[in-house]
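Visitor:
4 protein chains.
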Amino acid sequence: MAGNSFGEAFRFTTWGESHGPAIGCVIDGCPPGIPLDAAVDLQPYLDKRRPGTSRFVTQRREPDEAKILSGVFEGRTTGTPIAVIIENTDQRSRDYSEISRQYRPGHADFAYDAKYGVGVRDYRGGGRSSARETAMRVAAGAVARKVLNSILGPTFSVRGSVVQIGKDQIDRANWDWNEVEQNPFFCPDREAARRWETLVDSARKDGSSLGAILEVVAEGIPAGLGEPIYGKLDSDVAAALMSINAVKGVEIGDGFASASKRGEDAHDAMRPSNSGGVAFDTNYAGGVLGGISTGQPLVARFAVKPTSSILIPRPSVDADGKAIEVRTKGRHDPCVGIRAAPIGEAMLAVVLLDHLIRQRGLRGSEWPSLDQSRG
Amino acid sequence: MAGNSFGEAFRFTTWGESHGPAIGCVIDGCPPGIPLDAAVDLQPYLDKRRPGTSRFVTQRREPDEAKILSGVFEGRTTGTPIAVIIENTDQRSRDYSEISRQYRPGHADFAYDAKYGVGVRDYRGGGRSSARETAMRVAAGAVARKVLNSILGPTFSVRGSVVQIGKDQIDRANWDWNEVEQNPFFCPDREAARRWETLVDSARKDGSSLGAILEVVAEGIPAGLGEPIYGKLDSDVAAALMSINAVKGVEIGDGFASASKRGEDAHDAMRPSNSGGVAFDTNYAGGVLGGISTGQPLVARFAVKPTSSILIPRPSVDADGKAIEVRTKGRHDPCVGIRAAPIGEAMLAVVLLDHLIRQRGLRGSEWPSLDQSRG
Amino acid sequence: MAGNSFGEAFRFTTWGESHGPAIGCVIDGCPPGIPLDAAVDLQPYLDKRRPGTSRFVTQRREPDEAKILSGVFEGRTTGTPIAVIIENTDQRSRDYSEISRQYRPGHADFAYDAKYGVGVRDYRGGGRSSARETAMRVAAGAVARKVLNSILGPTFSVRGSVVQIGKDQIDRANWDWNEVEQNPFFCPDREAARRWETLVDSARKDGSSLGAILEVVAEGIPAGLGEPIYGKLDSDVAAALMSINAVKGVEIGDGFASASKRGEDAHDAMRPSNSGGVAFDTNYAGGVLGGISTGQPLVARFAVKPTSSILIPRPSVDADGKAIEVRTKGRHDPCVGIRAAPIGEAMLAVVLLDHLIRQRGLRGSEWPSLDQSRG
Amino acid sequence: MAGNSFGEAFRFTTWGESHGPAIGCVIDGCPPGIPLDAAVDLQPYLDKRRPGTSRFVTQRREPDEAKILSGVFEGRTTGTPIAVIIENTDQRSRDYSEISRQYRPGHADFAYDAKYGVGVRDYRGGGRSSARETAMRVAAGAVARKVLNSILGPTFSVRGSVVQIGKDQIDRANWDWNEVEQNPFFCPDREAARRWETLVDSARKDGSSLGAILEVVAEGIPAGLGEPIYGKLDSDVAAALMSINAVKGVEIGDGFASASKRGEDAHDAMRPSNSGGVAFDTNYAGGVLGGISTGQPLVARFAVKPTSSILIPRPSVDADGKAIEVRTKGRHDPCVGIRAAPIGEAMLAVVLLDHLIRQRGLRGSEWPSLDQSRG
């Protein structure tokens, strides 16, 4: 019930504040015998999310070097909890007294004080509400991904991309997953990525910030994952993505656009597949029907609001109820959405592994029985 | 972990199939001493969701009369589990053998078979995946609402509305909550409601169906509800709404539109309120910052895809992998989104009560200490 | 978190008061495709627990006829929640006003009022705290047992017995499981059973009551069940048995006697088994090492205090704080421990299935790999 | 569901192996604003459990210095997760290859291999199954105790003691809580403590080991804690204590002895108290009725088997199924039960705080309404 854990059968718990000595997580329920190495399996994903990798993200420098302190022995998971820790090295000794009682617009400051009481919050760098916590989601997601690859084989993948920054969307005709690795925006459309350089630079120079829309896609997952009513796969994905800092919307498959469609255009027709199973003509459903995976790619999108920390002054209030003006100095992402791509991937991987383990429990060796499932 | 329960401190578990003898739920964690009467407190909400109330919803006739079998004594809750049951009276003895092995496009049939194995599913009327299950969400929500009103007083409300059917959106300038009760669409815009009569009639006559977008709003809630990381209030709302049948997207406050905004236009400025607390100029955040309520109205929207059961034939496959054509006969909603308004309200009420109880546990009599919180 | 559910992957939730219209439970997480029939699979176990079966148990007459309302289709489980209901038929219209505000010694009356507030408790027949609730444990256990038999085959069994009533213990040299079915005490020692007739009759005639010690044994379970630290198999068994009404102690294997042993006599030696696995010389551990099953019989004992409802008057207090004298009239068990045998069996079966499902989830088709495990 | 967390509203998760780089825990759900300092509030309890404090416990030297890495700011809890870490400093570089595939009698080795698969276990010093994990229970318990003292005031206490070693019980007439701090056995009877010196020395010299029975008592707790059916306070206490390494039995109040009593001697009579509430004549119930606290002292006992690691050789098997003889060298406790006293206290404190938070959530400011509750 306490709010710092995610998942059921595969479950991680995160801890740590932005400017405390370290952040960390405990990953519980990981199957045993999976090869796992922090440098090889975790660090590449953490490096993607890391600040300071291009001029389009915050220049805060954190090596974000993850260490595994338990649960791995002689290079393989043992089935016991995996503790991951990252020391906070860039805790600048700046003076936070100014902001300690300020409620920055768009930030969690006011809400935390309402929840926990005025005066107990660790205000340094956003404390617990800092996006720094998401490094631990990436670490847990990296473990989940390793296990999923081990169980499902090389056809499994989970990938994230940015499909819109500000008002500028990609052209889906240009979609190229390889391109995502080639530009600093996780953008699958090379032309859009070029336009975004100017767009993001411009916002940064204005002291403003931009929102974004991201898309995460998992492929090679079996049909049958998800509980039918309250642990629906899409419901858990929605919770997972909405829990990421600054996310304001989540959709699966056609999402909000499905509201504008007519029934005959909204549901994926099925046909016998060459392998004797089921093939879908389309993927309007985004890989989920009735809350359960169909074996098609699981496709989810989420919207990230513009960075709250901007140089442009905004009216606000302090903990004493006095009117103030807030202008956030320091190093900030002009578009926090960009770095959300590896975080979205990670959360999706965790949801999928959690449900895979639960489904194995329910069906045991009978499952999977339907290999019709890959469309 | 099993997937038929929702909530933590206030928790309900539903059971039952569309054409079984009954459906029901068990509501656990309800505070004691709250007056509760099935006819007065549950039935009005169930009647709103009930089929057969207008020509725009399915004509299946179910009185949907809820009985309370436990947890209430001499008219008040005792703190023990509240069991609610509705007998299924309209179980027509039609022949389901034709559809028993068919996978209807857009329905959960194929996914259930993948999950549970071919041949065990209760296919009659959709079985467990039927929208009939949502009656129990409405019952649980009605209990939550009663408790919330009892704790928070008359300023608390949770209301749902339909803001778009097909491509036709309401005009927000016309918004009138009273209007929602006056038309069969839960529409707050009288003019849109008139247009929708024609729109929905037309879809029904074509044997097609329409999607919809709904908006649910809770007012009079205290600041401080929500766990900061994985039990965020908006994350739980997203899970709650996405778990409703046919929902494909959820957004909070500005939602997807926030991606197109710039930082200075995306975050709600604060000012000292007349009462010495905090007032917000706007509500872009939809009442949640950092996953915690701000005391502003909580505003969420969700998209419902068009009804899957349509008269227009669609290509599909049966459990033997043979190509078939599916055309759903029988009584169906031309727009299932309409009846989702009371369901969305109910789920929102459950999430709020769950977090209210948890926050009381965390803070005890210290809380609420910040009545600055109502903007 | 709410307190009326038990189990994780296999989970049941009970509801209902002694004198309400019905009691029931919802069983979630049951694997699909298991043949299940209320009359064949549930009723025999309920009948064992049922009042009125001999002069040594309460004469309250409840047919306790269980109906399954969901989750079973064409004779097999579907994987969706199984709702079980028993109507309360023996709700005598006696006047409870006398006891409505009395705190009966040894009963939950005072504690319920402290928890829920004075005046909201359903005091009729003990309300929610009545042992009647345990009928639903037996129903859930019967489902668990059916699934376990289906997965583990005929070598699996779970059996309960009474090994002590008052100060009179059985002679273990006389142990005969067949005898348990032949006497009204679930006693494996025919001679002890004969003595107990006199003993229990005598207590009943005195208006007094007796305590008991029970032993439950599960055989044919695989090694490897149980989470190592907080979901230890023995920890869950302890919680399960201690949650039964009137239970005051639980032990596994040697239990409290192990405190008096020396190390060389307290730990089971192992030897290569004929089948190439591991055989244990003894079973001091009761089938659990480090919280995980060893494949040996799981042996647990629990102590049940004497029935609280006795004819002998006792000093007490009412809800107004006034001194009263309480003498419980009506039909009561002279030794509630007797009827706890089928309840203990049921709880043990639920714990085992829960962990079996979880272990399948963790290991998938790799497991069981160690069939050395049956000693 | 994963097995390394304990508690619901107040919840801790432990990680770490005996010979890994560190062990730790994450404590979630801690109320904000509580003063907390590792050296002052945690270390004294850890020092009690620490090895090497007398010749009667293992001589392994671990300073067991706990550091708090998060959740505390400017000396007070913030409501966010509290991460505690202890580095493992005494990881002797001894050669474990001999025992890496041996199944030591009484140890978890065989069961772990059955659960996780042969060859993945961290066998060094028992790995995850080492009693070293219990240091983190003590840390979590110390936090719980601090919060309980803060909420309940100085009348609250939780204390543990050893009441039997081997066959030698204390004389309850000699009970003196102050004595517990004065001898190396946590023994409340000075005379027994003297006898135990000889007893334990003798077992150590023989290369053998002894079992023990412990008693933990919490005083100053309000009536009304505990969920009535499956989250019963005594059921949770049973799970908590049974989860401690080497524990084989748990009892509350009269425990197993209650089986031998007659009804008129087994239930605590009540009388009006001087303060207008309820006073109990006795405490046979151990402070719990119907699973809910009565306000009387909560009294629980648990049995700890003799240390499994002994110098006397025992027959066993290795992972290849070959017969071996095991003789555990190294530094071991002659009676592990001794150091279980602070662990039992800690687990009891965690259970009580968890239920206190839950009860506050259920009742809010209405509670406690019954101060009749302290007998």
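Residue numbers (the working numbering), protein chains in the order written: chain A, 1 to 375; chain B, 376 to 750; chain C, 751 to 1125; chain D, 1126 to 1500.
C-beta: ideal position from N, C-alpha, C; glycine also.
1. What's the gap between the Cα of D:VAL1197 and the Cα of A:SER100?
2. With a 10 Å radius around its C-beta and 16 neighbouring C-beta atoms as the bar for buried, classify A:ARG363 as buried or exposed.
3. Between which two residues does the beta strand (DSSP E) carrying A:LYS248 extend?
4. Does the structure place the segment 280-300 of chain A close enough to the segment 213-220 of chain A that three or more beta carbon pairs sit under 8 angstroms?
5. Can you have a look at B:GLN734 and say buried or exposed, based on whether 16 or more other CB atoms are within 10 angstroms of its CB?
6. What number of angstroms, rounded off, separates the C-alpha of D:MET1395 from the C-alpha of C:GLN852?
7. Are at least three pairs of beta-carbons, each pair with one atom in the segment 215-235 of chain A and one in the segment 479-488 of chain B, less than 8 angstroms apart?
8. Under 8 angstroms: do the segment 1366-1374 of chain D and the segment 1427-1436 of chain D share three or more Cβ pairs, one atom per stretch?
9. How would you call B:ALA634, buried or exposed, if buried means at least 16 neighbouring beta carbons within 10 angstroms?
10. Could you check the C-alpha separation between A:THR13 and C:GLY1026 for me, to the nearest Å?
11. Using a C-beta cutoff of 9 angstroms, does C:ALA889 count as contacting chain B?
12. Going by alpha carbons, who is nearest to B:ASP611 out of B:MET511, B:VAL726 and B:ARG714?
13. So, A:ALA22 versus D:LEU1194, is the Cβ gap smaller than 9 angstroms?
14. Strictly below 8 angstroms CB to CB, what residues from chain C border B:THR464?
15. Would you mind sorting A:ASN4 into buried or exposed? The rule is 16 or more other CB atoms within 10 Å of its CB.
16. By Cβ distance, which residues of its chain are closer than 6 angstroms to A:TYR45, with the 5 residues on each side in sequence left out?
17. Residues of chain C with CB under 8 angstroms from A:THR80, in chain order?
18. Quick check on the DSSP output: what are the complete alpha helix (DSSP H) runs of length 4 or more inside the segment 117-180 of chain A, in order along the chain?
19. Of all the CB atoms in chain B, is at least one closer than 9 angstroms to the CB of D:ARG1201?
20. Output the distance between the C-alpha atoms of B:ILE526 and C:ASN995, rounded to the nearest integer angstrom.
21. Excluding the 5 residues preceding and the 5 following D:ALA1208 in the sequence, name in chain order all residues of the same chain whose CB lies nearer than 6 angstroms to its CB.
22. Rounded to the nearest angstrom, what separates A:PRO334 and A:ALA203 at their Cα positions?
23. Tell me whether C:VAL893 counts as near the ligand SAM, meaning its Cβ is closer than 8 angstroms to at least one heavy atom of that ligand.
24. Do you know whose CA, among B:GLY399, B:GLY670 and B:GLU572, lies nearest B:PHE531's CA?
25. Along chain B, which residues have their Cβ under 7 angstroms away from the Cβ of C:PHE860?
26. Which bits of chain B does D:PRO1156 rub up against, with CB to CB less than 8 angstroms?
27. Given a cut-off of 9 angstroms, decide if A:VAL180 and A:PRO188 are closer than it, judged by their beta-carbon atoms.
28. Which residues bound the alpha helix (DSSP H) around A:VAL200?
29. Leaving out five residues on either side along the sequence, give the residues of the same chain with a beta carbon under 8 angstroms from the beta carbon of D:GLY1200.
30. Can you tell me whether A:SER209 is buried or exposed? The criterion is at least 16 other CB atoms within 10 Å of its CB, across all chains shown.
31. Tell me the rounded alpha-carbon separation between C:LYS865 and A:GLU17.
32. Which residues of the segment 116-132 of chain A have a Cβ closer than 7 angstroms to any Cβ of chain D? Give them in chain order.
33. Rounding to the nearest angstrom, what Cα-Cα distance links A:ILE221 and B:ALA548 in this structure?
34. Between D:SER1398 and B:SER740, is the Cβ-Cβ spacing less than 9 angstroms?
35. Out of D:SER1434, D:VAL1403, D:GLU1187 and D:VAL1442, point me to the one whose CA is closest to C:ALA1016's CA.
36. List the whole-angstrom C-beta distance separating D:GLY1415 from C:SER879, where the pair is believed to meet the contact cut-off of C-beta under 8 angstroms.
Guide: Here's the rundown:
1. By 1-based counting over the fourth sequence, the position of residue 1197 of chain D is 72. By 1-based counting over the first sequence, the position of residue 100 of chain A is 100. Going from the Cα of D:VAL1197 to the Cα of A:SER100 covers about 16 angstroms.
2. Against the first sequence, residue 363 of chain A aligns to sequence position 363. A:ARG363 is buried by the Cβ-count criterion.
3. The residue given as residue 248 of chain A occupies position 248 in the first sequence. Where A:LYS248 is concerned, the enclosing beta strand (DSSP E) stretches over 247-252.
4. yes
5. Mapped onto the second sequence, residue 734 of chain B falls at position 359. Its Cβ being crowded by 16 or more others within 10 Å, B:GLN734 is buried.
6. What you label residue 1395 of chain D is simply residue 270 of the fourth sequence in a count that begins at 1. What you label residue 852 of chain C is simply residue 102 of the third sequence in a count that begins at 1. Distance between the alpha carbons of D:MET1395 and C:GLN852: 11 angstroms.
7. yes
8. yes
9. What you label residue 634 of chain B is simply residue 259 of the second sequence in a count that begins at 1. With 16 or more Cβ atoms within 10 Å of its Cβ, B:ALA634 is classed as buried.
10. Within the first sequence, residue 13 of chain A is the residue found at index 13, counting from 1. Within the third sequence, residue 1026 of chain C is the residue found at index 276, counting from 1. For A:THR13 and C:GLY1026, the distance between alpha carbons rounds to 41 angstroms.
11. The residue you call residue 889 of chain C lines up with position 139 of the third sequence. C:ALA889 does not count as touching chain B.
12. Working through the second sequence from its first residue, we reach residue 611 of chain B at position 236. Per the Cα distances, B:VAL726.
13. To locate residue 22 of chain A, count along the first sequence from 1; it is residue 22. To locate residue 1194 of chain D, count along the fourth sequence from 1; it is residue 69. Contact: yes.
14. On the second sequence, position 89 is the one that residue 464 of chain B refers to. Simply none; closest approach about 14 angstroms.
15. Sequence index remark: in the first sequence, residue 4 of chain A carries index 4 (1-based). That one is buried.
16. Counting from one through the first sequence, the residue named residue 45 of chain A turns up at place 45. Excluding sequence neighbours, A:TYR45 sits near VAL138, ALA142 and PRO342.
17. By one-based count along the first sequence, residue 80 of chain A stands at place 80. What A:THR80 touches in chain C: PRO978.
18. 134-152 and 177-180
19. Within the fourth sequence, residue 1201 of chain D is the residue found at index 76, counting from 1. Output row for D:ARG1201: interface = no.
20. Locating residue 526 of chain B in the second sequence gives position 151, counting from the first residue. Locating residue 995 of chain C in the third sequence gives position 245, counting from the first residue. Using only the alpha carbons, I get a separation of about 33 angstroms.
21. By one-based count along the fourth sequence, residue 1208 of chain D stands at place 83. Answer for D:ALA1208: VAL1151, LEU1194 and SER1195, listed in chain order.
22. As a first step, residue 334 of chain A is located in the first sequence; it is residue number 334 there, counting from the start. As a first step, residue 203 of chain A is located in the first sequence; it is residue number 203 there, counting from the start. Rounded to the nearest angstrom, the two C-alpha atoms are 7 angstroms apart.
23. Among the components modelled here there is no ligand, and therefore nothing to report on the ligand SAM.
24. To locate residue 531 of chain B, count along the second sequence from 1; it is residue 156. Ranking the options by Cα distance to B:PHE531, first place goes to B:GLY670.
25. Residue 860 of chain C sits at position 110 when you count from the first residue of the third sequence. Within 7 angstroms Cβ-Cβ: nothing; C:PHE860 doesn't reach chain B, min ~15 angstroms.
26. On the fourth sequence, residue 1156 of chain D is found 31 positions in, with the first residue counted as 1. Correct list: LEU737, ARG738 and GLY739.
27. Numbered from 1 along the first sequence, position 188 holds the residue referred to as residue 188 of chain A. Numbered from 1 along the first sequence, position 180 holds the residue referred to as residue 180 of chain A. Contact flag set, yes.
28. One-based indexing of the first sequence puts residue 200 of chain A at position 200. Run containing A:VAL200: 190-205, per the alpha helix (DSSP H) assignment.
29. Counted from its first residue, the fourth sequence places residue 1200 of chain D at position 75. So the qualifying residues of the chain are PRO1160, LEU1161 and ASP1162.
30. Locating residue 209 of chain A in the first sequence gives position 209, counting from the first residue. Flag for A:SER209 reads buried.
31. Counting from one through the third sequence, the residue named residue 865 of chain C turns up at place 115. Counting from one through the first sequence, the residue named residue 17 of chain A turns up at place 17. Each residue's alpha carbon lies about 37 angstroms from the other.
32. TYR116, GLY117, VAL120, ARG121, ASP122 and ARG128
33. In the first sequence, residue 221 of chain A corresponds to position 221, counting from 1. In the second sequence, residue 548 of chain B corresponds to position 173, counting from 1. Whole-angstrom Cα-Cα distance: 46 angstroms.
34. Against the fourth sequence, residue 1398 of chain D aligns to sequence position 273. Against the second sequence, residue 740 of chain B aligns to sequence position 365. Not a contact, by the Cβ cut-off of 9 angstroms.
35. Taking the third sequence and counting its residues from 1, the one referred to as residue 1016 of chain C is at position 266. Closest by alpha carbon: D:SER1434.
36. Counting from one through the fourth sequence, the residue named residue 1415 of chain D turns up at place 290. Counting from one through the third sequence, the residue named residue 879 of chain C turns up at place 129. About 5 angstroms; that satisfies the 8 angstroms criterion.
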